[in-house]
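Engineer: Okay, here's the structure, questions in a sec.
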Amino acid sequence: MRTPLSITLLLALAGMVGAAETGNLRLDVLGDIGAGAQNAARIIGTDGKVAAEVHAGSSVALAPGDYKMVLPLVGGTITKDDIRIEPGRTRTVMIDNAAVMEVIVKDRHGKDPGFGVTVTSSSPPHSKITSFNTGEKFLFAPMLVDVHVDAPPQGYDWSAVALKPGQRARLSMGEVVPAELDVQTMLHQAPIDHNTHVIVFRAGTQSRAGDSPPGTPHQFKLDPGDYDVYVENGSGSGRPTATVSGIHLESGTKLEKTVPMD
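Position 56 of the sequence shown, counting from 1, maps to 577 under this note's numbering, and the rest follow consecutively.
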């Protein structure tokens, strides 16, 4: 069945009109510096209802009309009133008085391990302001903060980080590479790993970082840091137990430790 040309033209025109019924709002926060930030701006219509949300560096389609934009920052809010959206056009809202923070950590494969980040005030009592993960980007109100990253072995800290309007604080750490620890238990100068149980604790604690039962090579992959090694000897000869304290492991290194059970 053939469709009359007049009907086809009418349908095409209707599609063009429908496509032109919306306009676009684009949010620009310091260009590429703020693009991709986690903060979502709310676009509010004249009826007081949220019509859409948009992130820095992105656009959203809206029906023509007047809107208000509310952009929540960590520690503040930016509001833009009287935003007019017209059919078929893009309205860009530019923000240049926010601060941007991102914390970058890379492992040996170039990937972000997603460590936790805690931001506190720089002044006593150092109250918590927010938390997020490495690799994420957030918009802040200008302030002075302390930053803690839950990276091994005991975490990493930056003090008095100045978050200035129109600027980015990009904190980065070198790659975090696991270390290797090989423990060999000896009796009368002969290996007895088949009869020994080796437990690795974080130094000065009872927190287990590794456990190797008898009959297996006592090899461990551990985060850089300090450790204590505890050995149980089930051979019936020599010392029943032994402890080696304060073993230090550097990132990406391999350490062989011999524990005599004589």
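All C-beta atoms, glycine included, are put in the ideal place defined by N, C-alpha and C.
#1: Taking 6 Å as the limit between beta carbons, can you name the residues of its chain near Thr-774, skipping five residues before and five after?
#2: Could you check how far apart the C-beta atoms of Gly-544 and Leu-583 are, in whole angstroms? I think they sit under 8 Å.
#3: Taking Phe-782 and Ile-720 to be in contact with their CB atoms under 8 Å, please state how far apart those CB atoms are, rounded to whole angstroms.
#4: Short of 6 Å in beta carbon distance, which residues of its chain neighbour Glu-777, apart from the five on each side in sequence? Order them along the chain.
#5: Is DSSP giving His-576 helix, strand or coil here?
#6: Take Ala-533 and list the residues in its own chain whose beta-carbon comes closer than 8 Å to its own, dropping the five residues that flank it on each side.
#7: Residue range of the beta strand (DSSP E) that Ser-680 falls in?
#8: Just to confirm my understanding: we take Arg-610, look at its own chain, exclude 5 residues before and 5 after, and list those with CB closer than 7 Å. What are they?
#9: Kindly give me the distance between the Cβ atoms of Leu-546 and Ala-577, rounded to whole angstroms, as I take these residues to be in contact under 8 Å.
#10: Tell me, please, which residues DSSP counts as bridged to Glu-777.
#11: What first and last residue would you give for the beta strand (DSSP E) that runs through Ile-625?
Structural biologist: Here's the rundown:
#1: Only Ala-700 meet the Cβ criterion.
#2: Indeed they touch by this definition, with Cβ atoms about 6 Å apart.
#3: Sequence check: residue 782 is Met here, not Phe. Their Cβ separation, rounded to whole angstroms, is 15 Å, which puts Met-782 and Ile-720 out of contact at 8 Å.
#4: If you ignore the 5 residues before and after Glu-777, its C-beta comes within less than 6 Å of the C-beta of Asp-703, all in its own chain and listed in chain order.
#5: Correct three-state label for His-576: strand.
#6: With a pLDDT of 46 at Ala-533, under the threshold of 50, the modelled position of this residue cannot be trusted, and the question is left open.
#7: 677 to 684 is the extent of the beta strand (DSSP E) around Ser-680.
#8: So the qualifying residues of the chain are Gly-544.
#9: About 12 Å separates the Cβ atoms of Leu-546 and Ala-577, ruling out a contact at the 8 Å cut-off.
#10: Paired residue(s): Asp-703.
#11: Start and end: 620 to 628.
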